[in-house]
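Just so you know, we're using my numbering here: the sequence shown kicks off at 31 and counts up by one.
Input: a single structure, listed below in structure tokens.
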Amino acid sequence: MGDKQQSVNILTPEWIPAPADENQTNWRTCFRLPFSSNTDQGPSSILSYARNLLNHHLILFLRRVGSIIFQTSQKLPESLDLHLKRDSRTLLTLGGQNPSVLKLFTVTETRDGRLQTSKWLLLRKRFVVDVERLSKVSGSTDSMPNRTDITIAIPLATASPLPTFPVYAFLPVRNVGFNFLLNADFDLTSSREDIDGTSVWNQFLVSQIPDVFKSLIESVIQIQSSDQLPLSGSEILGRILECIPLSNRGITASTLSIFACLEEQIRRKLSSISWLPVLNGTRFAKPNNVLLPSQNP
Numbered sequence: 031m032g033d034k035q036q037s038v039n040i041l042t043p044e045w046i047p048a049p050a051d052e053n054q055t056n057w058r059t060c061f062r063l064p065f066s067s068n069t070d071q072g073p074s075s076i077l078s079y080a081r082n083l084l085n086h087h088l089i090l091f092l093r094r095v096g097s098i099i100f101q102t103s104q105k106l107p108e109s110l111d112l113h114l115k116r117d118s119r120t121l122l123t124l125g126g127q128n129p130s131v132l133k134l135f136t137v138t139e140t141r142d143g144r145l146q147t148s149k150w151l152l153l154r155k156r157f158v159v160d161v162e163r164l165s166k167v168s169g170s171t172d173s174m175p176n177r178t179d180i181t182i183a184i185p186l187a188t189a190s191p192l193p194t195f196p197v198y199a200f201l202p203v204r205n206v207g208f209n210f211l212l213n214a215d216f217d218l219t220s221s222r223e224d225i226d227g228t229s230v231w232n233q234f235l236v237s238q239i240p241d242v243f244k245s246l247i248e249s250v251i252q253i254q255s256s257d258q259l260p261l262s263g264s265e266i267l268g269r270i271l272e273c274i275p276l277s278n279r280g281i282t283a284s285t286l287s288i289f290a291c292l293e294e295q296i297r298r299k300l301s302s303i304s305w306l307p308v309l310n311g312t313r314f315a316k317p318n319n320v321l322l323p324s325q326n327p
């Protein structure tokens, strides 16, 4: 139920008697959220928040969740009937010290009877953590994991211009203007509304993101085209190029915060590999060896 002392996105759990009149045998996990008569937030405010939060990419990084169903009681003046379902296919798996997996995700969203499908190319890469070095830099004795995963997901829809997406720490945190989805085990601020820019752990995670882009591009080049993909290999490489953060898109440094240097880091990393398709051939070239063709006839 909503807590009247807190904002709308804070829920205070209370145990309630199990309803005897509702068959829940098809549910693996079910949450019932009755509205308290003491709350200042009515159903309209809560449902407005739910409509914004429960979107088609929410389910991408909840690896143990295959579907989400949100239903409201018929007794409420407003209603929301939402079903999110996720399907995935593994396209490529690479081993080594920092293994990665490339997957195609299809998310089906049914919202108040309207069906929408989105496809995402997702690469998850695992990194070995030098715990001793990071502990010395941070001066902290808090335990750190020996390994951690960083995931990026590229939208394969034809929408133009591409929308911006929030950064995830398994759940959405804040929109920093990226045209791709980024998920990592970030440290959050005490309000849980932002990525902690002072965290040495977060700085380590951000420094690994260019390697994730590099692995994504190398994986796409390996598989090239596939009947399972809605776009060709060259089209996907073009989409990745569209998603790379650029300072000329009007995103301020204060908005980017800890990600402010990411554009230069990604550009430097990708300039070292041959990944841009060229005319009159099937090979790829490094960005500094490519000339754009004239648009004039």
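Using N, Cα and C, we set each Cβ at its ideal position, and we do this for glycine too.
Three-state secondary structure assigned by DSSP to R222: Of the three classes helix, strand and coil, the one that applies to R222 here is coil, per DSSP.
Coarse secondary structure for E139, derived from DSSP in three states: Here E139 carries a strand assignment [DSSP, helix/strand/coil].
Burial state of A183, where buried means 16 or more other Cβ atoms lie within 10 Å: buried
Distance between F91 and L201 (C-alpha atoms, nearest Å): 8 Å
Sub-9 Å separation of F289 and P307 beta-carbons: no
Proximity of L211 and P196 at Cβ, strictly below 9 Å: yes
Pair within 9 Å by beta-carbon distance, C273 and F208: Cβ atoms of C273 and F208: closer than 9 Å.
Spatially closest choice to D160 from R177, R116, L153, by CA coordinates: That would be R177, whose Cα lies nearest to the Cα of D160.
Cross-strand partners of S97 (DSSP beta bridge): K115
8 Å CB neighbourhood of N318 in its chain, flanking five on each side removed: Only S301 meet the Cβ criterion.
Residues sharing a beta bridge with L83, DSSP: The partner list for L83 (beta bridge, DSSP) is empty, contrary to what the question assumes.
Identified DSSP bridge partners for Q146: E139
Cut-off 7 Å between Cβ atoms - residues of its own chain near K133, not counting five sequence neighbours on either side: S118, R119, T120, L121, L152
Segment contact, 8 Å Cβ cut-off, at least three pairs: the stretch 154-174 with the stretch 124-140: yes
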